[in-house]
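Beneath this line is the structure, given in structure tokens, with notes to follow.
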Amino acid sequence: MTKVRAGVVVEQVSWLMKPLPGFDDFHPVNVGIHGITAAQVRNMPDWRGIHGPMLDFIGADALVGHNVSFEKSVISKANEACGLPAPAFDFHCTLNLARQHLVLDHYTLSDVVGALALPAFNHHDAGDDARASALIAIELARRNGASSLGALWPGESRPRVPAYYSPGYTRKVSELPKANPDANPYGPLFGQTIVFSGDLAAMPRADAQDAAAAKGAVIANGATKKVTLVVSADAGGSGRQSAKVRRAHELAAAGQDIKVISELQFLRLLAFK
């Protein structure tokens, strides 16, 4: 990653990390591209150890990359595999930007760097690739008189957010997502009936409902005799119990198979494929 301030790269960082179990194949073709071997990362931290320093470096900044959908997917899938909340970053793509402003046969990172007469770099070194992406954005901003990301990518303003994505909003029953019948039937959320109590820190309640329904869960608005899981945003926090949580404990005491779990526990269950 590189940090840009006032059109200048002011800092650059990179990390090696050990892949998570199940994602740790080092195919010779890939090693031949990036030069990283299994031996080099054997004693490195995994994604969970890199996640914090990465967020600290990013802060409140937007993320810019060349074919940034790849990085976006990596961050999303790695967080999912670790049970970490999905960060709400703004992403901007220099590949799309180059296609709008340059006429080239190919738009690889090297091709665009060459077309803009930017400094040579060590392609497929993560730190150098990040710096090259930043320099592309800076140069195209200079050529187009853009002084902000919004001016450089004017068509990427965020769509209006539906009201039920606002904190505190409770969806009507008709707005609740339907359980996905094609989800993994062995997943821990499949077949559960879930109600959410409070607003989660990681995502809007509506996002959490959608994500659980995609895993095959039935979403409810209240702690009824059909509910099996109550996800409490305050579990282990303030100590004050919501009406839904109190009702869940009453139902459990009466013999119902119902559990109250924390947001972190929910995110871990959500991470299962």
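Every letter in the sequence shown is one number past the one before it in the UniProt record's numbering, and letter 238, counting from 1, is 238. Even glycine gets a Cβ: it sits at the ideal position worked out from N, Cα and C.
Cβ shell of H51 (< 7 Å), same chain only, five flanking positions each side left out
Here residue 51 corresponds to residue number 51 of the sequence shown, with the count starting at 1. Here the set comprises L84.
Buried versus exposed, by CB contacts within 10 Å (16 or more), E71
For the purposes of this step, residue 71 is taken as the residue at position 71 of the sequence shown. By the 10 Å Cβ count, E71 comes out buried.
Does the region 132-148 come within contact of the region 1-9, defined as at least 3 CB pairs closer than 8 Å?
yes
N- and C-terminal bounds of the alpha helix (DSSP H) containing I68:
Here residue 68 refers to the residue found at position 68 of the sequence shown. Correcting the residue identity first, residue 68 is Val in this sequence and not Ile. It spans 68-82 - the alpha helix (DSSP H) in which V68 sits, taken as one unbroken run.
Here's a check: name, in chain order, each residue in its chain whose Cβ is nearer than 6 Å to the Cβ of E11, leaving out the five neighbours to either side.
Position 11 of the sequence shown, counting from 1, holds the residue named residue 11. Excluding positions up to five away in sequence, the list reads K3.
Spatial distance of W153 from T228 (CA atoms)
Here the question's residue 153 lines up with position 153 in the sequence shown. Here the question's residue 228 lines up with position 228 in the sequence shown. Distance between the alpha carbons of W153 and T228 is about 45 Å.
If you follow the alpha helix (DSSP H) that H101 is part of, which residue opens it and which one closes it?
Sequence index remark: in the sequence shown, residue 101 carries index 101 (1-based). Element bounds for H101: 94-101.
Helix, strand or coil: which one does DSSP assign to L63?
Against the sequence shown, residue 63 aligns to sequence position 63. In the structure shown, L63 sits in a strand (DSSP, three-state: E or B).
Between the C-alpha atoms of C93 and S174, what's the straight-line distance to the nearest angstrom?
Taking the sequence shown and counting its residues from 1, one reaches residue 93 at position 93. Taking the sequence shown and counting its residues from 1, one reaches residue 174 at position 174. Straight-line measurement puts the Cα of S174 at about 37 Å from the Cα of C93.
Classify F266: buried if its beta carbon has 16 or more other beta carbons within 10 angstroms, exposed otherwise.
Residue mapping note: residue 266 aligns to position 266 of the sequence shown, counting from 1. So F266 counts as buried.
Test item: CB-CB of A206 and R171 under 8 Å:
Residue mapping note: residue 206 aligns to position 206 of the sequence shown, counting from 1. Residue mapping note: residue 171 aligns to position 171 of the sequence shown, counting from 1. Contact flag set, yes.
Quick check on this structure: which residue in V195, P185, K77, D61 has the alpha carbon closest to the alpha carbon of F91?
Working through the sequence shown from its first residue, we reach residue 91 at position 91. It is D61.
Is it right to say V231 is buried, meaning 16 or more other beta carbons lie within 10 angstroms of its own, or is it exposed?
Taking the sequence shown and counting its residues from 1, the one referred to as residue 231 is at position 231. Buried: at least 16 other Cβ atoms inside 10 Å.
Confirm, please, whether the CB-CB distance from L135 to L109 is below 8 Å.
Start at 1 with the first residue of the sequence shown, and residue 109 comes out as number 109. Start at 1 with the first residue of the sequence shown, and residue 135 comes out as number 135. Going by C-beta atoms, L109 is not nearer than 8 Å to L135.
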